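Here's the structure, in structure tokens; my notes come after.
Residue numbers (my numbering), protein chains in the order written: chain G, 43 to 313; chain V, 43 to 313.
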């Protein structure tokens, strides 16, 4: 781990990242020794820092330190955390902020390979996402809803849990975004009120537009999940991952032939 | 600071308290060398740990360490953080949890004295609280809404900001609970959907019942704030603190004569 540029495993307990979850993070796939989708992740990090009033560390510094942390490793996961750093007691943010950066390279999980071909099984979570536009879209360190949702299952055959918000709208997986396919059209939940605007999600939206495949970002409910012909998840780590089952609901994988999704999966997740 | 029983200033960056805000905290006033309202704080901590599936450290251990951390100090603030500790990568909570405990004694802030007598000035915050029953009431480490609300003002004459939820219900201050007084009746917001169930709030509710003063825990809106005769804030640090002004709205302090609130303020906050 590299913490503020120095190899270390510990941070000040007074850091607001711990005290209040006052920070943001990014999780990047590392392939062939390079962090994938770097620009997209850095743009989201910078935009989140701006919304939260945290001074985002320089991109060049973060890239330099990321490469140092990855070192000679070829494949793995790079997590970048930026917190508001240390301040006085209480919620009031120090001005200016004195951000901390924590870079951590981890080996690639062995269990996650080859899921894309046959599709995964997911479940519906009971834990809901609260709605708050002021936090929506950002990957903040306030992730208790995801933690509690992920605690709902321990069966390793279940790859992911889908989460609804407190009004019953489908939002995302605990650690992924979700897309529906129906009659030649792609749909993905609107994230104005909650959810994390995934980098891979953004790429799929962009690619659909480029390739002339109709895609709507809109409110979606359980009924839409039921009437969908196909379903897939996206994240920087899983790329694009088709779903074959959500509880009692089954989905075919045929739609992938009609869209660019199948091609993308065959190519790996680097769209 | 005492971290897992050892004097230290740092924690593992891999701790889920930092990674996800996966933990809870309590902030206690220390008076005459003793943590005030210990039982109430410990009950809330235990109840929060239970809801989150964290194994709460033993009360006797926490008390012993609290007294060691307070040492010979007479007056100050004791903060107790309990996190889920270190786990594998990802949201999935380790089973069983391996909680971390962080105890930190801080000197009493000098600026907070003598506010109760003349009443404080507060403002309305723009940042809303998201509604989610699964987190409501608990003092978790996910406190970004409070951080962003507290960033709305820097004028030290403003003692607190009142927060509404995304549906427009009055919930609490950024670091306090709120009570309204109207025609012999006390009101405080229902916290089923969001907000922190303050220990001092609980004591005021209990005391009102004991003393036969009607008190309703219910939905409250801006209109109720406008029609109130009196307003006060509660927290373990400020005790009970009357408000004389919220933006353009003025409040008298006369109601304190009709209730037990005035007596309590004269006695200090140890009801």
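We put the CB at the ideal spot given by N, CA and C, even for glycine.
None of the values given here were measured: they were computed from a predicted structure.
Using a C-beta cut-off of 8 Å, the segment 161-171 of chain G makes contact with the segment 275-291 of chain G, since at least three inter-stretch Cβ pairs fall below that distance. Within a 10 Å sphere around the beta-carbon of residue 231 (chain V) sit 16 or more other beta-carbons, which makes this residue buried. Not flagged as an interface residue toward chain V: residue 298 (chain G), since no C-beta distance is shorter than 8 Å. For residue 259 (chain V), the CB contacts under 6 Å within the same chain, skipping 5 residues up- and downstream, are 230, 232 in chain order.
Residues of chain G whose Cβ lies closer than 9 Å to the Cβ of residue 43 (chain V) are, in chain order, 55, 56. Interface with chain G (8 Å Cβ-Cβ cutoff): residue 60 (chain V) is included.
Around residue 200 (chain V), the same chain offers 163, 164, 165 as residues with beta carbons nearer than 8 Å, after the five sequence neighbours per side are excluded.
In the assembly as shown, residue 152 (chain G) is an exposed residue. Its beta-carbon has fewer than 16 other beta-carbons within 10 Å. Within the DSSP bridge table, the entry for residue 70 (chain V) names V:120 as partners. Apart from the 5 residues on each side of it in sequence, residue 47 (chain V) sits with its Cβ closer than 7 Å to the Cβ of 107 in its chain, given in chain order. Here residue 223 (chain V) is bridged, per DSSP, to V:228, V:272. If you ignore the 5 residues before and after residue 183 (chain G), its C-beta comes within less than 8 Å of the C-beta of 59, 63, 64, 65, 66, 67, 123, 125, all in its own chain and listed in chain order. Runs of the beta strand (DSSP E) lying entirely within the segment 241-271 of chain G and spanning at least 3 residues, in chain order: 257-260. Between residue 256 (chain V) and residue 227 (chain V), the alpha-carbon positions lie close to 5 Å from each other. A residue is called buried once 16 or more other Cβ atoms fall within 10 Å of its Cβ, and residue 61 (chain G) is buried on that count. Rounded to the nearest angstrom, the gap between the Cα atoms of residue 295 (chain V) and residue 221 (chain V) is 13 Å. Closer than 8 Å to the CB of residue 185 (chain G) there is at least one CB belonging to chain V. For the pair residue 112 (chain G) and residue 83 (chain G), the Cα-to-Cα distance works out to about 16 Å. Scanning chain V for C-beta atoms nearer than 8 Å to the C-beta of residue 192 (chain G) yields 132, 133, 134, 135, reported in chain order. Exclusion of the five residues before and after residue 215 (chain V) leaves 202, 204, 275 as the residues of its chain whose Cβ lies within less than 6 Å of its Cβ. Neighbours of residue 182 (chain V) in chain G, taken as residues whose beta carbon is under 7 Å from its own, are 186 in chain order. Spatial neighbours of residue 284 (chain V) in its own chain (CB-CB distance under 6 Å, excluding positions within 5 residues in sequence) are listed in chain order as 161, 274, 295. Relative to residue 144 (chain V), the option among G:280, G:300, G:55 whose CA is nearest is G:55.
Within chain G, the residues placing a beta-carbon under 8 Å from that of residue 217 (chain V) are 132, 133, ordered along the chain. With its beta carbon at least 8 Å from every one in chain V, residue 220 (chain G) lies outside the interface.
By the rule that beta-carbons nearer than 8 Å mark a contact, residue 51 (chain G) touches chain V. When DSSP reads this structure, residue 148 (chain G) sits in a beta bridge with G:119.
Bounds of the beta strand (DSSP E) holding residue 283 (chain V) are 281-288. Nearest Cα to residue 89 (chain V) within the set V:292, V:239, V:262, V:281: V:239. Residue 120 (chain V) has its alpha-carbon roughly 24 Å from the corresponding atom of residue 190 (chain V).
When DSSP states are grouped into helix, strand and coil, residue 139 (chain V) belongs to the coil group.
The bridge partners DSSP lists for residue 205 (chain G) are G:214. In the assembly as shown, residue 49 (chain G) is an exposed residue. Its beta-carbon has fewer than 16 other beta-carbons within 10 Å.
Residues of the segment 231-257 of chain G with a C-beta less than 7 Å from any C-beta of chain V: none at all.
The criterion of a C-beta distance shorter than 8 Å is not satisfied by residue 69 (chain G) and residue 218 (chain G). The criterion of a C-beta distance shorter than 8 Å is satisfied by residue 241 (chain V) and residue 79 (chain V).
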